[in-house]
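These notes concern the structure reproduced below.
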Amino acid sequence: MKICVIGGANVDISARAAGLFVAGDSNPGTVTVAPGGVGRNIAHNLALLGDDVRLVTIFGDDGFGRMLRESCLAAGLNLKLSKTSSGARNACFVSLNGTDGELLGGVSDMAITGRMTPDWLEARLHAINEADAVVADTNLPAETLSLLVSCCIPPLYIDAVSSAKVPRLRLALSVERLPGTGPITLKCNRLEAEVLGKSGLASVSRLYVSLGSEGLEIIEDGVVTPVPPLPAKGIVNTTGAGDALLAGIVHCGPDANPVDAANFGQQCAQFAMSSPNPVSDRIRELAAK
327 MKICVIGGAN VDISARAAGL FVAGDSNPGT VTVAPGGVGR NIAHNLALLG
377 DDVRLVTIFG DDGFGRMLRE SCLAAGLNLK LSKTSSGARN ACFVSLNGTD
427 GELLGGVSDM AITGRMTPDW LEARLHAINE ADAVVADTNL PAETLSLLVS
477 CCIPPLYIDA VSSAKVPRLR LALSVERLPG TGPITLKCNR LEAEVLGKSG
527 LASVSRLYVS LGSEGLEIIE DGVVTPVPPL PAKGIVNTTG AGDALLAGIV
577 HCGPDANPVD AANFGQQCAQ FAMSSPNPVS DRIRELAAK
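Going left to right, the sequence shown walks through residues 327 to 615 as the working numbering numbers them.
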């Protein structure tokens, strides 16, 4: 399947405490640096699953940006619709994780995504609309996401990313859509869904709500379908779990049984959580399924 992924690409700096985390003090542990970003992670996972993926993003004009671009090319991502922004620092996410891999907190420097303007997107819309499916994250500015929602012809999948970015998602989902645009599938967690509210879901055809260790809920045509969680296995890092989940859902295609897609997404998320990095190469083991 030919898929365009539009969104953030950043460097993930992940710190994991070796023991009980003590706030306000220096804690022994391990620190890893890896390619990350919601859009980039989803694109990487899809490439591992065998899809033909174009990543549409902006790289910084610095060492992190060059490292990230090289890693994307090595992962098999097509970057013809991406660009390096002169004089800009690359996006970066610093996360702090407990011994069980659970996220304790983080800081995200995503200022560069402000350069993903509507004009920047419009210049790429024709190529984007040639894809079989389009994925976007809410690191895009509200005006840019709104343009995409109004004009996207293929099925559109959106990752809410965080509750802080739900307002821009609500604005984008309220715009008038042109005739011939495809269905919208939204993936969010419980908090993001609560912040968005029912009024913000009018243009969403299918909603996947991640409940963490409790599994998922699928909401379609007002019907809520619970999806039980898969058994937990050796959790190391939860940072990329949601990205892998959505990648698995997208890979199954818009016509797949939504419960089957959710379960496949959970399998992808399990591999991500068993890796110290946001994306696990082991996800390619699921490509034949």
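Where a beta carbon is used, it is the ideal one built from N, C-alpha and C, also for glycine.
Inter-segment contact for the region 555-570 and the region 596-605 is present: three or more beta-carbon pairs are separated by less than 8 Å. Rounded to whole angstroms, the gap between the alpha carbons of V501 and C478 is 12 Å. Rounded to the nearest angstrom, the gap between the Cα atoms of A558 and G548 is 30 Å. In the three-state reduction of the DSSP assignment, T410 falls in the strand class. If you check the CB distance, I384 and L474 do not come in under 8 Å. Under the three-state reduction of DSSP output, N371 falls in the helix class. Secondary structure note for L482: it is in no alpha helix (DSSP H), and the uninterrupted beta strand (DSSP E) holding it is L482 to D485. Residue environment: N371 is assigned as buried (16 or more neighbouring CB atoms within 10 Å of its CB, all protein chains considered).
Taking all protein chains in view, the Cβ of S472 is crowded by 16 or more other Cβ atoms within 10 Å, so the residue is classified as buried. The beta carbon of T470 is closer than 8 Å to those of M442, T443, P444, W446 and L447 in its chain, skipping five residues each way along the sequence. Residue range G355 to G362 is occupied by the beta strand (DSSP E) that includes A360.
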